[in-house]
Every structure is written in structure tokens, then in C-alpha cells.
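Below you'll find the structure, written out as C-alpha cells, and then a few comments.
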Amino acid sequence: MDNQQFFKSFLFLKITMNKPTGTDHFKDGGAPTNYIGVLHHGSARFKMKNSDVYLKENEIVFIPKGETYHSFWTPDKNGDLQWVSLGFDFLPTGKDNSFSLQKIECSKKASVILEKLISNPEVTCENIGYLYQFLGLTLENMEQNTSPYNLICEKAIEFMRQNTDAKIPEVAKACKVSESGLYGIFKIVYNETPNYFRQKILFEKAEQLLITTNLPIEEISQMLNFSSASYFRKIVKKYSDKTPKQIRKNAQLQ
448 MDNQQFFKSF
458 LFLKITMNKP
468 TGTDHFKDGG
478 APTNYIGVLH
488 HGSARFKMKN
498 SDVYLKENEI
508 VFIPKGETYH
518 SFWTPDKNGD
528 LQWVSLGFDF
538 LPTGKDNSFS
548 LQKIECSKKA
558 SVILEKLISN
568 PEVTCENIGY
578 LYQFLGLTLE
588 NMEQNTSPYN
598 LICEKAIEFM
608 RQNTDAKIPE
618 VAKACKVSES
628 GLYGIFKIVY
638 NETPNYFRQK
648 ILFEKAEQLL
658 ITTNLPIEEI
668 SQMLNFSSAS
678 YFRKIVKKYS
688 DKTPKQIRKN
698 AQLQ
């Protein structure tokens, strides 16, 4: 991963609205990255398959990458709705563990660090440092997701990220389950197939190469072991609703 890719793995935003809004992460494969959310004005509800999490003003939520949920955001009595969203790909645990969507109770020290970050939520070296300081102080007190199905899915997704040319039977073997068992587990956890995530991972790698290099589309297709350039274009269109050329053009304009 180069410097540009590293910085693109973070997305820090301050969001202000004056009307109710929401997101649906049941149909799109779950949250695209990890998030820390800090609510300043209004209220929020996160509806998962088996539970709900409610957020009030000045409360903090952690949303893990891949979590499937609906979110509902409501303005306060003055019509104000504002929160800070801190998106990041990498959890600094170094362990094979996962965390559920949950509210975060943090110490005074962690609160001071978080306040520095959300006062000017831009992706800078200083703010990335604040983010990981905050996580270092709070992760050990957060509730871990101990479901074996979730752990198998995480292992499978990580294997696919590291081995983009691997077929699903190879992924199942690496996870020590049968191919049909892997499909069943993904259906339970994500209501999607392993192949959906395999294609999504290929798209993410393709998008990075389209944005950060001038390599021809045919060459990128071959690098990522697509069967053909036309299939490569089909997958890019499926997951972005854009052509490879449009992705490059948008990146240049930005």
C-alpha cells in the first residue's frame, strides 16, 4: 500500500442536515469500512437483525466494517441534525477478533483525544494519530463479537483480500469448512454469498488502480485475474454504477 492508498483508507466528515435521513446497509454487503460516529445534535437508531442501538446527543457509536444494519437519523426539537463520522479500514488489534455495533463509553483521557479529532475532522497525520490513540484507549473495553460464524466470515474475507485469484473452494478450505457450509454461513451473517464479497474486493482493488495509476484497463484486468476486460468492466459497473473511464475522470476532477 502506498501513501495515497493509505490516506484514502480514511474518511472523516462532519455532516449537518435539517431533515430526517437514513441508510440501508443490509442490501449492499454491510458497512464499507469501520466507523466512529459522534452525535452532536439530534438522535439516531441503528437497527440490526436481532437488536437495536439508540444514540443521543454527545454519545459515540462504533460501527464495524461489514456490519449489516439500517440507520435512522432524526433532528432535535430545533430542527438540527449533526454528527461527525470517522471512517477507517484498519483496527489496531493485531488479533483475530471482531467487535459488534455498539455505543462507546470512554475515559476522560480518551474524550480529550477524541475532542481534538472531531474539532477539525480532516484526514491529516495528526488526526490519524488521534484516532488510533483513541482506539488504543477504548478497544479493550468494547464488546467483542464472539460468534464463530462472524469469525469464519472475517477470516474468509481477509483470505480473499490477500489472495484475489483464489476460488471459493480454496477460501472454504482455508477456513476449514465445506464450500456449501461457507455459503450457508455467509447467508446467515450477511444474507449474501462469498462470491459477492470476492467481486467487491476485486472492484475495490481495481478502483484503487484506476485512480492511482495510468495503466490500461486491459492490463489492470489481467493483473487482477479477470477472465476478460469486458467482465472487468461489468464488475466495475455493478459495484460503482460507473465505467472505468468515468471513475478515472471523476478522480481527476476531484
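Position in the sequence shown counted from 1, then plus 447, gives you the numbering used here. Just so you know, even glycine gets a beta-carbon here, dropped at the ideal spot from N, CA and C. In this text the structure is predicted, and so the values were computed from the model without any measurement.
Checklist line | Selected residue, minimal CA-CA separation from L656, among K503, N465 and I694 | finding: As a first step, residue 656 must be located in the sequence shown, where it is residue number 209. Closest by alpha carbon: I694.
Notebook entry, point to check: Any contact of the segment 573–587 with the segment 544–564, i.e. 3+ C-beta pairs under 8 Å?
Noted result: yes
Check: Can you give the beta carbon distance from M464 to L528, rounded, assuming they're within the 8 Å contact cut?
Finding: Start at 1 with the first residue of the sequence shown, and residue 464 comes out as number 17. Start at 1 with the first residue of the sequence shown, and residue 528 comes out as number 81. The pair is a contact, with the Cβ atoms about 4 Å apart (cut-off 8 Å).
Checklist line | Contact check, T690 vs K681, beta carbons under 8 Å | finding: By one-based count along the sequence shown, residue 690 stands at place 243. By one-based count along the sequence shown, residue 681 stands at place 234. No, these two residues do not count as a Cβ contact at 8 Å.
Check: Out of curiosity, what's the CA-to-CA distance linking E601 and F644?
Finding: Position 154 of the sequence shown, counted from the start, is the residue given in the question as residue 601. Position 197 of the sequence shown, counted from the start, is the residue given in the question as residue 644. In a straight line, the C-alpha of E601 is about 11 Å away from that of F644.
Check: According to DSSP, is V570 helix, strand or coil?
Finding: As a working note, residue 570 is residue 123 in the sequence shown. DSSP places V570 in coil when its eight states are reduced to three.
Note to self: Using the three-state DSSP reduction, which class does M464 fall into: helix, strand or coil?
What the structure shows: One-based indexing of the sequence shown puts residue 464 at position 17. Three-state result, M464: strand.
Notebook entry, point to check: What's the call for G477, buried or exposed, on a 16-neighbour Cβ count within 10 Å?
Noted result: Taking the sequence shown and counting its residues from 1, one reaches residue 477 at position 30. G477 should be labelled buried.
Check: Which residues bound the alpha helix (DSSP H) around T667?
Finding: Against the sequence shown, residue 667 aligns to sequence position 220. Note on identity: in this sequence residue 667 is Ile, with Thr being the wrong assignment. Element bounds for I667: I664 to M670.
Notebook entry, point to check: In chain order, which continuous runs of the alpha helix (DSSP H) of length 4 or greater are located wholly inside the segment 572–604?
Noted result: 572–585
Checklist line | Contact check, D523 vs H488, beta carbons under 8 Å | finding: For this step, residue 523 is matched to residue 76 along the sequence shown. For this step, residue 488 is matched to residue 41 along the sequence shown. Against a cut-off of 8 Å, the Cβ pair of H488 and D523 comes out as a contact.
Check: So I658 packs on F679, CB below 8 Å; how close in whole Å?
Finding: Here residue 658 refers to the residue found at position 211 of the sequence shown. Here residue 679 refers to the residue found at position 232 of the sequence shown. Incorrect: roughly 15 Å between the Cβ atoms, too far for contact.
Next item on the list: Assign I510 to one of three DSSP states: helix, strand, or coil.
Entry: Taking the first residue of the sequence shown as position 1, residue 510 is located at position 63. The answer is strand: DSSP assigns I510 an E or B state.
Checklist line | Pairwise C-alpha distance: E666 and Q549 | finding: Along the sequence shown, read from residue 1 onward, the residue named residue 549 stands at position 102. Along the sequence shown, read from residue 1 onward, the residue named residue 666 stands at position 219. Computed Cα separation, rounded: 43 Å.
Notebook entry, point to check: Roughly how many angstroms lie between the CA atoms of Y577 and L564, to the nearest whole one?
Noted result: By 1-based counting over the sequence shown, the position of residue 577 is 130. By 1-based counting over the sequence shown, the position of residue 564 is 117. One C-alpha to the other measures close to 6 Å.
Notebook entry, point to check: Per DSSP, which one or two residues make a beta bridge with H472?
Noted result: Residue mapping note: residue 472 aligns to position 25 of the sequence shown, counting from 1. The partner list for H472 (beta bridge, DSSP) is empty, contrary to what the question assumes.
Note to self: On the DSSP letters alone, give me the boundaries of the beta strand (DSSP E) that A491 sits inside.
What the structure shows: Along the sequence shown, one-based indexing puts residue 491 at 44. Segment S490 to K494, the beta strand (DSSP E) holding A491.
Margin query: In this structure, how does DSSP classify Q693 when only helix, strand and coil are distinguished?
Written below: As a position in the sequence shown, residue 693 is number 246, starting the count at 1. It is helical.
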